[in-house]
Structures are given as structure tokens and as C-alpha cells.
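Asks:
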Amino acid sequence: MGELRTVHVLTLPPGLQVGVLDGVLSAVEVALINLGAAKVWIDPDRPALSVMADLPEHLPGARRCCAKDGTE
């Protein structure tokens with residue numbers, strides 16, 4: 149595996165039902181693993197439920213988008 153970068157992937161709002169949380173978190177975890185994530189976790193140091201992942205620097209099929217001004 150190439151170099152990894154830690155990425156903040158998703159923040160979920162408080163108050164979601166357990167079934168909703170389970171479904172969303174499970175689907176996100178599977179998607180990230182399928183993209184090559186080496187690790188997926190919930191950051192305990194953030195106040196909201198924040199999903200983090202160690203992802204390969206270059207994802208298969210991904211293209212670089214966009215410059216800071218929104219152009220390619």
C-alpha cells in the first residue's frame with residue numbers, strides 16, 4: 149500500500165436514532181474499506197460524532213478536483 153493520509157470523512161449530528169446511526173456508520177465503513185482505507189474510526193476528541201479514515205494518497209479511479217478557487 150502507498151502512503152496514507154488521515155481524512156475527516158463525515159460528521160453526524162447528535163440525536164439520531166440508533167438504527168439510523170448503525171446504518172449510516174456501517175455503510176460508510178464498508179465504502180471506505182472498499183476504497184482502500186487502512187483504518188476507520190470515530191474521533192473521540194471531537195464534540196460531534198466524527199468519522200475519520202486513513203486513506204491511500206491516490207484512490208483508484210479518483211481524479212483531482214478542484215483548485216482552491218473551484219476550478220480544475
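When we follow the numbering used here, the leftmost residue of the sequence shown carries the number 149, and every step to the right adds one. Ideal Cβ positions, reconstructed from N, Cα and C, are used throughout, including at glycine.
(1) Under 7 Å Cβ to Cβ from A185, same chain only, skipping five residues before and after it: list those, please.
(2) Enumerate in chain order the residues of its own chain whose CB-to-CB distance from P188 is below 6 Å, with the five nearest sequence positions on each side excluded.
(3) Check this for me: beta carbons of L152 and V199, under 8 Å apart or not?
(4) Please report how far the alpha carbon of N182 lies from the alpha carbon of A196, in whole angstroms.
(5) Looking at the strands, I want to know which residues DSSP matches up with S198.
Replies: The short version:
(1) Indexing the sequence shown from 1 puts residue 185 at position 37. Close CB contacts of A185 within its chain, under the 7 Å cut and outside five residues either way in sequence, are with A201, D202, L203 (chain order).
(2) Here residue 188 refers to the residue found at position 40 when the sequence shown is read from its first residue. The sequence given here places Val at residue 188; Pro does not occur at that position. Here the set comprises E177, L180, A201.
(3) In the sequence shown, residue 152 corresponds to position 4, counting from 1. In the sequence shown, residue 199 corresponds to position 51, counting from 1. A distance of 8 Å or more separates the beta carbons of L152 and V199.
(4) The residue you call residue 182 lines up with position 34 of the sequence shown. The residue you call residue 196 lines up with position 48 of the sequence shown. For N182 and A196, the distance between alpha carbons rounds to 25 Å.
(5) Here residue 198 corresponds to residue number 50 of the sequence shown, with the count starting at 1. Beta-bridge annotation (DSSP): S198 is paired with T159.
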